[in-house]
DNA sequence: GGTTTTTGTTCATAGTCGGATCTATGGTCG
DNA sequence: CGACCATAGATCCGACTATGAACAAAAACC
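Residue numbers (our numbering), protein chains in the order written: chain A, 210 to 615; chain B, 210 to 615.
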């Protein structure tokens with residue numbers, strides 16, 4: 210009781226369809242053999258056996274004999290076969306892009322840092338992407354037939370219900386481009402397109418090794434600043450997919466710096482990568498790119514440390530508002546700047562714990578991401594996997610493809 | 210596609226249970242007769258007839274003969290009987306309290322503005338509440354047996370998983386009190402306790418007459434300031450139920466006013482009712498309570514209008530952050546001050562549309578609540594109703610109570 | 001008034017689920 | 001080392017449920 214699961218979309222009923230649910234139990238490790246599934250679900254053992262047979266026939270589940278027996282006949286271990294399907298993912302960035310092939314667990318099998326950035330425009334980037342994926346598939350000895358889904362993370366706001374990049378001036382030739390049909394032409398599978406930060410947040414949530422926080426704020430601090438919001442275990446998108454656009458929240462001690470968005474004192478203008486590099490230059494420290502600033506900070510360079518910590522503090526200003534508003538239990542800092550984690554985290558903590566109410570911070574952890582460059586592509590993969598492996602999707606998959614040999 | 214329904218809690222499967230789903234179709238008006246239900250759900254007509262019979266026997270659905278026929282035999286209209294059960298609700302406030310009896314649609318049947326406020330402490334308020342509910346039931350000619358649930362809204366943060374008021378100093382004797390067992394002693398039904406603003410937000414969402422916005426920020430501006438956040442159609446609570454505590458977000462042009470929370474320039478300290486009354490006094494306008502200030506503003510008193518509009522602007526400061534962060538499509542202003550709606554809304558719009566990114570405000574509406582005092586009690590009722598009328602709950606209800614005559 | 005159309009009900013049937021039973025497999029104890 | 005036991009998984013039969021077809025009802029249309 211004492212909850213409010215407001216939206217219960219009245220739609221088609223679930224017929225009998227349970228094999229998808231069983232897969233979920235196996236996949237999450239909630240149950241590892243047939244009897245356990247029967248106990249967990251309340252279904253009878255015969256029914257469970259039937260459904261599991263479907264999953265094994267479909268190649269999604271494999272049986273193993275490592276038997277930890279508990280007195281009686283040792284159970285047949287059931288394991289989700291994450292390698293039974295592949296997910297093509299890509300994190301496209303203004304400066305750097307990546308293409309990767311992941312398994313259904315969101316583990317990276319091959320990853321290729323790409324040279325063509327988004328500024329080249331879709332006409333150049335898309336062919337590179339498709340070609341790279343095909344090369345990666347070949348190197349794994351797999352084919353296009355093994356591909357079960359595609360996930361792409363884009364910078365800037367993505368109108369997720371259409372899957373198109375929203376018309377922000379920075380995006381240039383990408384604005385309004387609908388990626389899905391272009392991809393689906395070559396890989397006829399579900400295509401998911403989302404904001405790059407949302408995608409990283411999902412990656413962090415599922416693979417970050419901080420448990421699975423129900424209420425998390427993930428912040429990417431690179432050249433731009435953005436956040437991915439998770440509340441009640443769900444990703445928040447907002448009405449146009451623009452939720453988490455933390456980059457343009459005004460910071461109190463911004464000093465009047467103008468931002469490319471038109472306002473002043475935006476978080477991005479005072480704590481983004483460009484701002485730090487400018488400030489470093491102003492202090493007589495010519496640094497070539499964020500990576501170098503980060504390594505200077507890690508080496509203890511006083512100017513670099515001051516800059517990073519200051520960025521953390523200003524980030525904290527904006528995050529304090531988010532913490533008071535959303536009461537998360539975890540803040541995770543990712544992006545290029547987060548590789549100077551100690552100093553960045555310290556700056557954020559300093560301000561957040563000062564400016565937030567006691568209750569809002571009682572259970573709050575501020576952590577640095579440990580996924581580095583992989584957060585994006587793994588997040589894409591997990592997002593697609595959640596979709597593909599949802600009970601409904603699994604049921605129609607099993608119905609569609611009768612008995613594939615493993 | 211292109212969505213991310215992250216949490217799919219693997220739990221018990223749904224056995225056969227479909228009558229609850231059918232009730233939902235009837236309740237939401239998605240389907241109004243048996244054949245339509247069959248078409249919508251894909252179930253066969255006999256199966257539907259069986260389930261509907263259960264619902265009719267259980268008293269949740271009534272048949273009617275107003276037949277709009279479409280060429281053939283006119284369908285038997287099926288209607289959810291909202292009066293088949295009652296929900297006791299209460300909005301407890303520091304200054305004012307209310308007790309009400311609602312039907313299962315969240316419509317108010319009787320409402321009693323209560324004299325004992327929360328400052329009297331639970332020992333005095335609870336007996337009043339129970340007594341009032343009993344009187345109200347009697348006046349309706351109904352008994353305790355008709356009560357299906359209880360919903361209570363409390364000021365301050367509520368740890369909703371325990372249902373207890375969180376230990377904030379303002380709450381005094383209410384801190385840590387678990388209401389549920391005290392109520393359940395007299396009415397053995399599900400008891401829901403939540404933050405008063407969350408409750409109002411739900412009321413606004415379902416009964417506000419602004420459609421059913423998926424991403425809404427509801428703001429209550431009375432003596433205190435608080436928000437209820439709805440994103441993706443769901444109420445956000447945060448890890449400790451403190452989400453929406455907008456009252457202590459610092460406002461830029463606060464002027465250094467101290468807040469009871471310890472910080473300065475908190476929204477509540479600069480735009481809350483107390484602040485307005487103080488400012489009015491400072492300007493030589495002695496006003497006795499918010500209600501009077503509001504009526505002065507509605508009458509066009511320049512000082513009052515200025516104050517209210519200024520409060521709106523400062524509210525807008527804080528809301529701008531929330532809008533950038535959450536990208537809602539609707540902001541609804543409620544609470545005592547919102548009765549001076551024109552001026553308050555104008556102030557909020559002024560700042561929000563200036564400080565937010567173009568994308569975040571593209572679809573944004575800023576509206577005043579039209580539910581006034583009823584938002585809280587109706588929200589409580591709807592929250593409880595959603596719980597009670599969920600498919601699972603309905604199924605066990607029907608299983609438990611075989612054939613009640615109407 | 002007959003026909004058509006759509007709704008709701010009745011009935012036989014097929015499919016599914018689950019309890020009981022049986023087999024397999026390994027641990028435990030004498 | 002063998003008898004016994006405990007648990008997992010497979011098989012079988014009975015019970016239940018849903019469904020499709022047929023049928024009755026009620027109104028519009030010709």
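Where is the CB? At the ideal position from N, CA and C, for every residue including glycine.
It should be emphasised that the depicted structure is a prediction, and the values quoted were computed from it without experimental measurement.
Straight-line Cα distance separating residue j from residue i
i                      : j                      : result
residue 360 of chain A : residue 314 of chain A : 14 Å
residue 480 of chain A : residue 606 of chain B : 56 Å
residue 576 of chain B : residue 438 of chain A : 25 Å
residue 435 of chain A : residue 406 of chain B : 28 Å
residue 378 of chain B : residue 346 of chain B : Reliability fails at residue 378 of chain B, whose pLDDT of 49 lies under 50, so the model's placement of it is uncertain and no value is given.
residue 228 of chain A : residue 265 of chain A : 11 Å
residue 599 of chain B : residue 233 of chain B : 8 Å
residue 608 of chain B : residue 597 of chain B : 14 Å
residue 383 of chain B : residue 391 of chain B : 13 Å
residue 240 of chain B : residue 249 of chain B : 7 Å
residue 268 of chain B : residue 236 of chain B : 13 Å
residue 293 of chain A : residue 351 of chain A : 11 Å
residue 491 of chain B : residue 238 of chain B : 54 Å
residue 569 of chain B : residue 385 of chain A : 17 Å
residue 470 of chain A : residue 410 of chain A : 24 Å
residue 588 of chain B : residue 402 of chain B : 11 Å
residue 396 of chain B : residue 353 of chain B : 7 Å
residue 595 of chain B : residue 511 of chain A : 57 Å
residue 242 of chain B : residue 322 of chain B : 40 Å
residue 298 of chain A : residue 253 of chain B : 42 Å
residue 245 of chain A : residue 316 of chain A : 27 Å
Sequence-distant residues of the same chain with beta carbon closer than 6 Å to residue i, five excluded per side
i                      : result
residue 571 of chain B : none
residue 521 of chain A : 553, 556 and 557
residue 601 of chain B : none
residue 445 of chain B : 438 and 452
residue 404 of chain A : 367
residue 562 of chain B : 570
residue 513 of chain B : 502, 505 and 506
When the options are compared against residue i, the one with the closest alpha-carbon
i                      : options                       : result
residue 290 of chain B : B/270, B/469 and B/485        : B/270
residue 473 of chain B : B/579, B/457 and B/508        : B/457
residue 393 of chain A : A/445, A/339 and A/247        : A/339
residue 551 of chain B : B/504, B/241 and B/282        : B/504
residue 489 of chain B : B/391, B/515, B/465 and B/362 : B/515
residue 416 of chain A : A/236, A/241, A/578 and A/495 : A/578
residue 478 of chain A : A/413, A/492 and A/524        : A/524
residue 440 of chain A : A/538, A/367 and A/485        : A/538
residue 337 of chain B : B/306, B/364, B/354 and B/316 : B/306
residue 584 of chain A : A/431, A/356, A/413 and A/262 : A/413
residue 590 of chain B : B/256, B/399 and B/335        : B/399
Chain-ordered chain B contacts of residue i [CB-CB under 7 Å]
i                      : result
residue 451 of chain A : 536, 568 and 569
residue 457 of chain A : 533 and 566
Cutoff 7 Å; reference residue i; Cβ partners in own chain excluding five residues on either side
i                      : result
residue 349 of chain B : 310, 318 and 319
residue 507 of chain A : 549
residue 260 of chain A : 227, 228 and 231
residue 467 of chain A : 473 and 478
residue 527 of chain B : 455, 458, 460 and 476
Heavy atom of the ligand MN within 7 Å of residue i beta-carbon
i                      : result
residue 383 of chain A : The ligand MN is absent from the structure shown, which contains no ligands of any kind.
Closer than 8 Å at the beta carbon, the chain B residues around residue i
i                      : result
residue 445 of chain A : 440, 441, 445 and 535
residue 468 of chain A : Result: empty, since nearest Cβ-Cβ is about 10 Å, beyond 8 Å.
residue 472 of chain A : 564
residue 461 of chain A : 459 and 461
Own chain partners of residue i with C-beta closer than 8 Å, once the 5 adjacent residues on each side are dropped
i                      : result
residue 432 of chain A : 303, 304, 481, 482, 483, 499 and 545
Residue i: contacting residues in chain A (beta-carbon distance under 7 Å)
i                      : result
residue 170 of chain B : Residue 170 of chain B lies beyond the residue range present for chain B, which begins at 210 and ends at 615; the question has no answer from this structure.
residue 530 of chain B : 458 and 530
Contacts that residue i makes with chain A (C-beta to C-beta distance below 8 Å)
i                      : result
residue 454 of chain B : 533, 534, 536, 566, 568 and 569
residue 366 of chain B : 568
So, do the region 458-471 of chain A and the region 417-428 of chain A have three or more beta carbon pairs nearer to each other than 8 Å? no
Do the region 279-287 of chain A and the region 297-306 of chain A meet, that is, are 3 or more Cβ pairs less than 8 Å apart? no
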